[in-house]
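Report on the structure given below.
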Amino acid sequence: MVVLNKIIDHHVHTDFSPDCKTSMESTIARAKQLGLLGLLFTDHVDFDSPDPLFQDYIDYNVYMKKLEEVRKKNPELQFLMGVEIGYQPHIHDRLNKFLGEFPFDFVICSMHVCDKLDFYNGDFFIGKTQKESYLAYFDAVRKSVEEYDNFDVYGHLDYIIRYGPFEQKVLNYEQYKEAIDSVLLAIIEKGKGIELNTSGLRYNLGTMHPKIDILKSYKQLGGEIITLGSDAHKAEHLQADFDMGLELIKEAGFDYLAQFKNRKPSLIKIS
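Every letter in the sequence shown is one number past the one before it in this note's numbering, and letter 136, counting from 1, is 136.
So, in structure tokens, the structure goes:
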């Protein structure tokens, strides 16, 4: 059994993200409490977001100086630099330019906005049934994977269930199997991966992102690259529910967990 302190949480935010108030130092202190060997920060870059909160972008020259500062102060920890990009088709070239300017170890591609409509504030769901919303989302995710290459894993693949104004925040995999599997096949064909994001439990969804049915399908279709991330916006959420996450990954049929450095995955045996 893999020891948890050898696992690097592959989805962690700091106060460089507009929706997070947790300093790097607070997360570092928590990492030391947990006896971790390293940290990978993946702060938000959501260009042209309709959410006013995301109108200010990280100055990565300042960010890199901060990262170097904490590296020097905490030599016992390995620090890696990741990013979570919010994909939209019209910012394709802007994202590529940005990612080419800085030495990222890991890139999560997520869809927080679709057709320039925000999920979080509910605009995307106006005038759509639950089925129409879910199908439109997965179709947009598939297209994003087909047209964009500059990422390592796709983030919280069933994110759509988190903010929909529907009575039942559920996703019946069999009902959306064709749409979901087309996304998974596109990811696999590109040689990319997915994450298991434990934050769904903290949003009282009763499942991690994505749910176990999707993990199993990803494996059965030939998927190999899977990372584990907490999506922590608070220090106490670092590696939250990782023991359960590892069990789900194994239940889905995976023997290895991917961890990234210099945009390249290494595999850690988990069973």
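Where a beta carbon is used, it is the ideal one built from N, C-alpha and C, also for glycine. From a predicted model like this one, the values you see are computed outputs, not experimental measurements.
| query | result |
| --- | --- |
| For D48 and G82, the rounded distance between their alpha carbons | 20 Å |
| Burial state of T129 (16 or more Cβ within 10 Å) | exposed |
| Counterpart residues of S110 in DSSP-defined beta bridges | G86 |
| Backbone CA spacing between V160 and M111 [nearest angstrom] | As written in the sequence, residue 160 is Ile, which differs from the Val given in the question. Those two C-alpha atoms are separated by around 9 Å. |
| K177 versus Y134 - alpha carbon distance | 11 Å |
| Whole-angstrom distance between K116 and K264, CA atom to CA atom | 31 Å |
| Spatially closest choice to F41 from L267, E247 and A235, by CA coordinates | A235 |
| Sub-8 Å separation of H13 and D43 beta-carbons | yes |
| DSSP-derived helix/strand/coil call for F166 | coil |
| Secondary structure of Q175, DSSP reduced to three states | helix |
| Buried or exposed by the 16-neighbour rule on C-beta atoms within 10 Å, applied to D93 | exposed |
| Cα-Cα separation, L39 to L80 | 6 Å |
| Extent of the continuous alpha helix (DSSP H) to which K131 belongs | Q130 to E147 |
| Member of R162, H90 and D149 whose CA lies at the smallest distance from the CA of C109 | D149 |
| Where I194 falls, given that 16 or more other Cβ within 10 Å makes a residue buried | buried |
| Cβ contact (3+ pairs, closer than 8 Å) linking the segment 242-257 and the segment 23-39 | no |
| Whole-angstrom distance between F16 and P210, CA atom to CA atom | 26 Å |
| Nearest candidate by alpha-carbon position, reference L4, set K261, L238, E251 and F254 | L238 |
| Short Cβ contact (8 Å threshold) for Y122 with L184 | A small correction: the amino acid at residue 122 is Gly; Tyr does not occupy that position in the sequence shown. Contact: no. |
| Pick from H156, I214 and D152 that is closest to S230, judged by C-alpha positions | H156 |
| Cβ-based neighbour list, A232, same chain, cut-off 6 Å, excluding 5 preceding and 5 following | V12 and L238 |
| Among H90, K143, Y173 and G86, the one whose alpha carbon lies nearest that of D276 | Look at the range of the chain in this structure, 1 to 271, and you will see that residue 276 is not part of it. |
| Whether L67 touches I28 by CB criterion (8 Å) | no |
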